[in-house]
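Undergrad: Taken in sequence, the protein lines are chains H and W. So the numbering used here is basically just the index in the first sequence, starting at one, shifted up by 101. Residue numbers are given in the numbering used here: position 283 of the second sequence equals residue 280, and the series is strictly consecutive. Backbone N, C-alpha and C fix where the C-beta goes; we use that ideal spot for every residue, glycine too. Computed from a predicted structure; not experimentally measured.
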Amino acid sequence: MKPVKTRVILIAVFIFISFFSIIPSIYPNTPGWWKAVIGNAEMHLGLDLQGGVYLVEKVEVDKAVKEKLYKDYSDIRTFIESKNIGSGKDLSFENDRIVLSGNLLKNKQAVSGIKNYLKNHHVSLQLSGGIINFKPSDLAQYKKESVSGAIEVMRNRIDQFGLVSPKIARQGKDLIVVEMPGVKNVKQAVKLIGKTARLTFKLVDDKHGIAETINGEIPKGDEILYHTAFNKFTHKTTKRPYLIKKAVLMSGAYISSANVQINRYNQPIVGVSLNSRGAKQFGNITTKYTGKRLAIILDNNVISAPVIEEPILGGNASISGRFTMAQANNLAIALRSGALPAPVKIIQNNTVGPTLGADSIHDGILAAVVGTILVIGFMIFYYKLSGLIADFALIENVLFLMAALSLFGATLTLPGIAGIILTIGMSVDSNVLIFERIREELRDGKPIVIAIENGYNKAFFTILDSHVTALITAAVLFYFGSGPVKGFAVTLSLGIMINLFTSLVGTKVIFDTISNKKELNKLSI
Amino acid sequence: MEFIKNTHYNFIAKRKYSFVLSSILVIFGLVEIIAMIAGTAKIGIDFTGGLSMEMAFKHKISIASVRKALMPAGFKDVKLVKIKGKNDIIIQTKAVAKDLNAYTAKIKQTVKNAFKKNPPKVINSEMIGPSVGKRLSRDAVIAVIVSIIAIILYITWRFEFRFGLAAAIGLAHDVLALLGVIFIFQKEITLLVITAVLTVAGYSLTDKVVVFDRIRENLKIETEKAKHIDLKNIVNVSINEVLTRTVVTSLTVILVVLSLFFLGGIVLHDFAFALLLGVLIGTYSSIFIASPIMVILNENHYK
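1. Between the segment 291 to 306 of chain H and the segment 440 to 454 of chain H, do at least 3 Cβ pairs fall closer than 8 Å?
2. Check the Cβ-Cβ distances between residue 516 of chain H and every residue of chain W, and say whether any is below 9 Å.
3. How about residue 610 of chain H: is its C-beta nearer than 9 Å to some C-beta of chain W?
4. So, helix, strand or coil for residue 350 of chain H, using DSSP?
5. Which parts of the segment 330 to 397 of chain H are runs of the beta strand (DSSP E), unbroken and 3 residues or longer, counting only runs that do not cross its ends?
6. Given a cut-off of 9 Å on the beta-carbon distance, is the pair residue 466 of chain H and residue 518 of chain H in contact?
7. What does the Cβ neighbour count give for residue 270 of chain W, buried or exposed, with the cut at 16 atoms within 10 Å?
8. Do residue 291 of chain W and residue 207 of chain W have their C-beta atoms closer together than 9 Å?
9. Does the distance from the CB of residue 176 of chain W to the CB of residue 40 of chain W come in under 9 Å?
10. In the DSSP assignment, find the alpha helix (DSSP H) that holds residue 249 of chain W and state where it starts and stops.
11. So residue 86 of chain W packs on residue 77 of chain W, CB below 8 Å; how close in whole Å?
12. Taking 8 Å as the threshold, find out whether the segment 107 to 116 of chain H comes into contact with the segment 476 to 489 of chain H through three or more Cβ pairs.
13. Taking three-plus beta-carbon pairs below 8 Å as touching, is the segment 565 to 574 of chain H in contact with the segment 150 to 170 of chain W?
14. Starting from residue 556 of chain H, trace the alpha helix (DSSP H) in both directions and tell me its first and last residue.
15. With DSSP as the reference, please indicate the residues paired to residue 85 of chain W in a beta bridge.
16. Can you name, in chain order, every residue of its own chain whose Cβ lies under 6 Å from the Cβ of residue 540 of chain H, other than the five neighbours on each side?
17. State yes or no: is the beta carbon of residue 264 of chain H nearer than 9 Å to at least one beta carbon in chain W?
18. Just to confirm my understanding: we take residue 7 of chain W, look at its own chain, exclude 5 residues before and 5 after, and list those with CB closer than 8 Å. What are they?
19. For the putative contact between residue 74 of chain H and residue 487 of chain H, defined by C-beta atoms under 8 Å, what is the C-beta separation to the nearest angstrom?
20. With a threshold of 8 Å, are at least 3 pairs of Cβ atoms found where one atom belongs to the segment 421 to 438 of chain H and the other to the segment 56 to 76 of chain W?
21. Between the beta-carbon of residue 528 of chain H and the beta-carbon of residue 122 of chain H, is there less than 9 Å?
22. On the CB-based measure, 16 or more other CB atoms within 10 Å of its CB, does residue 4 of chain W come out buried or exposed?
23. Counting Cβ pairs, one atom from each stretch, are 3 or more of them under 8 Å apart for the segment 168 to 178 of chain H and the segment 480 to 498 of chain H?
24. Based on Cα-Cα distance, which residue from W/139, W/163, W/129, W/166 lies nearest to residue 256 of chain H?
25. Considering only C-alpha positions, which residue in the set W/255, W/144, W/261, W/174 is nearest to residue 573 of chain H?
26. Do three or more CB pairs link the segment 135 to 150 of chain H to the segment 192 to 204 of chain H at distances below 8 Å?
27. Cα separation between residue 88 of chain W and residue 460 of chain H?
28. Return the residues of the segment 116 to 149 of chain W that lie within a Cβ-Cβ distance of less than 7 Å from chain H, sorted by chain order.
29. Run through DSSP, which three-state label would residue 437 of chain H get?
30. For the alpha helix (DSSP H) containing residue 483 of chain H, list its first residue and its last residue.
31. Check the Cβ-Cβ distances between residue 281 of chain W and every residue of chain H, and say whether any is below 9 Å.
32. Return yes when the Cβ of residue 379 of chain H is within less than 9 Å of the Cβ of residue 363 of chain H, no when it is not.
33. May I ask which residues mark the beginning and end of the alpha helix (DSSP H) holding residue 289 of chain W?
34. Whose Cβ in chain B lies nearer than 7 Å to the Cβ of residue 269 of chain H?
35. When DSSP labels each residue in this structure, what does residue 327 of chain H get in the three-state scheme?
36. Buried or exposed for residue 159 of chain H, going by 16 or more other Cβ atoms inside 10 Å?
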């Protein structure tokens, strides 16, 4: 007698959990509490099967150019002042270009000094006729790079956002087409991929009171930025002004990772790790300005402005700002994937139908059903009742895989379905291995119960080794892959692990139950 | 039911033929890779980008009917998107930047001829870039190399280094040979085909481990029994012993792939084609490539 009770219960529990997790994906009117139990996880259908959103976004490259030029302007000004070449006041930023005037323009030595500096540090700029601007060829290149940079960052964010599989492509000169399946979570996704996410650290000007400046004059070198807070009880948005020094102390470019943490007041915060260069810079800033208030600014919104209590030298900082969990999560993703090189604007927003016509979808599903029936039929034809047991494992496989994909919130596309069908074809392999071993044992004249036992034992390591090697490939694909390859790796690894379980545990328990019940004189195999 | 009983084929003796055949396929595979790097290979719109045009029809329109109009005119790799609430369809297809205008006009004319009662108007027509990042191709290559190393390490740990090396060579052979077939048939490299190649890599590996596992088992039994080891014979016996399993498993997979090929429609056609050949190549190479290579690598060891 072999104890089967625990295994039967285990399988029953898995089957129950699987049905429980799949139903919200299939039946849209599932009650809310049900969805909440499984964390609102749901399988999505891809662009090809159900359509989605078709967005055209314009990359505002001119703004990027202007900002780049302004940044270079600050650099050049610092250079002029630090090397005593001239007065910084004679260098100004007007009409989107850098203009030299006064003594700076008259002094030939100063002009050649600046030219030299540009040659070494800002190759893409040129100085002629008292004006510093982009070289035409470099300007075109910079614009091009801003768009492709924006696309890369967007793809990065999408990869981190989960398994939705959108398509992002460049259109024309400065447009980006984003196709995203489903419409449910689109608002959030659009917000996320379109967010510039430029993080800067600036000082709060504590010398001047904000009240006196808000209607009067803003002190030179200062600006007013707002902290926007949403009160979830009163549902009101409040804006609080801050007087901020314009100079950027540090940007978010040095962030190596960002993730959501919970602080001791049980509120979500975003923990940020800086790379070594950033850590050094941040250490210097916090040492120099201990006791002052440091404003953390994201896209011109003040997230928070804490007082620097002590120098932060380790390169780890946290951003708290009364976030909700979802806000904190989105901020972390945006910071991790880097800032968009230029702001983007949605210029076209359409809902589109499935990219595959109804006929293609119909064909795909028909092929899947026929393929499955063929395999099920073949197994019964070749292995008789044992084949039926293998078919049971096969159906279990599909069920578990669907459940896992639902829980992961995966996006199902037609190729994805084809992939699942293929795992069906492969999933019987383990049972074929076992059955062939059992047949060998029977041929050697072993009693049935022992033949079954030996068959499973001898096949065990073959199955384990072949699954582990396949799993290694899948894990490597997941780790190094991006976009669709990553999604494929998830499905593949889930399929392999589930298959390992169903073939080794799922079918064995049936054989054991049968041989417990009665003396086996004949095995239908 | 049994298809095969007690076979005694001498597989290893046939290695001369299989090595020649495989060398040819692998060379074609390398040609395909070089062509991909050089940008002359047939690559799908996902990787190259192309032309995107939006057409507004006067009345209701279905994607299927537009596809039917474009396919016979030679526009094979088209992606169609229908905008909801309007009678607009976005047509994306591969086009060379040089003859953009001529190409646009040709598509326009083809569609107009097909829908005389429902005349379309071109709203806009522009070039679109690839929807797959440059990173994807690079990442896929890195992933394949790293996984080959990881597999050698795992099989070395579980079996022996020579087994690991032979499996890795077999795997590399399968991927290259499949690309070779894709080159010979001039099939387009699309995201789906890449997925098929990766799937085949997983399948082929499983298949090799199963064969090697039996060789390992028989090797152990023989080493205990006899002093002289006839490795070729052991490998032959092992392959024959697992032959039924090899045939049955390939058959079930092929049943599925064939139904995708014949019933899955135009979209899954190339995917199923790549899978079908991949499965055949993977099964063939476990027997005729990876096993003989294992014998060659082991020859000095068991002399």
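TA: Taking the coordinates as given:
1. Of all C-beta pairs linking the segment 291 to 306 of chain H to the segment 440 to 454 of chain H, three or more are shorter than 8 Å, placing the two stretches in contact.
2. Yes - at least one Cβ of chain W is within 9 Å of the one on residue 516 of chain H.
3. Not an interface residue.
4. Residue 350 of chain H carries a coil assignment under DSSP once its states are collapsed to helix, strand and coil.
5. Taken in chain order, the complete beta strand (DSSP E) segments of 3 residues or longer contained in the segment 330 to 397 of chain H are 337 to 346, 356 to 363, 369 to 375.
6. Yes.
7. The residue is buried, with at least 16 neighbouring Cβ atoms inside 10 Å.
8. No, they are not a contact pair.
9. The answer is no: Cβ separation not under 9 Å.
10. Its alpha helix (DSSP H) spans residues 240 to 260.
11. Correct: roughly 6 Å between the Cβ atoms.
12. As far as the Cβ criterion goes, the segment 107 to 116 of chain H does not touch the segment 476 to 489 of chain H, which means the pair count is below three.
13. Yes: the two stretches touch, three or more of their Cβ pairs being nearer than 8 Å.
14. From DSSP, the alpha helix (DSSP H) with residue 556 of chain H extends over 549 to 581.
15. Per the DSSP secondary-structure output, residue 85 of chain W pairs in a beta bridge with W/53.
16. Excluding sequence neighbours, residue 540 of chain H sits near nothing in its chain.
17. Residue confidence for residue 264 of chain H is low, a pLDDT of 47 falling below 50, so the modelled location carries little weight; the figure read from the coordinates is stated next. So, not an interface residue.
18. Here the set comprises 233.
19. Absent from the model: residue 74 of chain H. The displayed extent of chain H is 102 to 626, so no value can be given.
20. Pairwise C-beta distances place the segment 421 to 438 of chain H out of contact with the segment 56 to 76 of chain W, as fewer than three of them are shorter than 8 Å.
21. No; because the gap between Cβ atoms is not below 9 Å, this pair is not in contact.
22. Classification of residue 4 of chain W: exposed, given that the 10 Å Cβ count is below 16.
23. Too few Cβ pairs lie closer than 8 Å, so no.
24. Per the Cα distances, W/129.
25. It is W/144.
26. By the C-beta criterion, the segment 135 to 150 of chain H is judged not to be in contact with the segment 192 to 204 of chain H, since fewer than 3 inter-stretch pairs fall below 8 Å.
27. Distance between the alpha carbons of residue 88 of chain W and residue 460 of chain H is about 18 Å.
28. Close to chain H, meaning a Cβ-Cβ distance shorter than 7 Å, are the following residues of the segment 116 to 149 of chain W: 123, 124, 125, 126, 127, 128, 129, 130, 132, 133, 136, 137, 139, 140, 143, 144, 147, 148.
29. DSSP places residue 437 of chain H in helix when its eight states are reduced to three.
30. Its alpha helix (DSSP H) spans residues 459 to 508.
31. No - not a single Cβ of chain H is within 9 Å of the one on residue 281 of chain W.
32. Using a Cβ distance threshold of 9 Å, residue 363 of chain H and residue 379 of chain H do not count as a contacting pair.
33. Segment 288 to 295, the alpha helix (DSSP H) holding residue 289 of chain W.
34. Looking at the structure shown, chain B is missing, and the protein chains on hand are H and W.
35. Note: residue 327 of chain H maps to strand in three-state DSSP.
36. So residue 159 of chain H ends up on the buried side.
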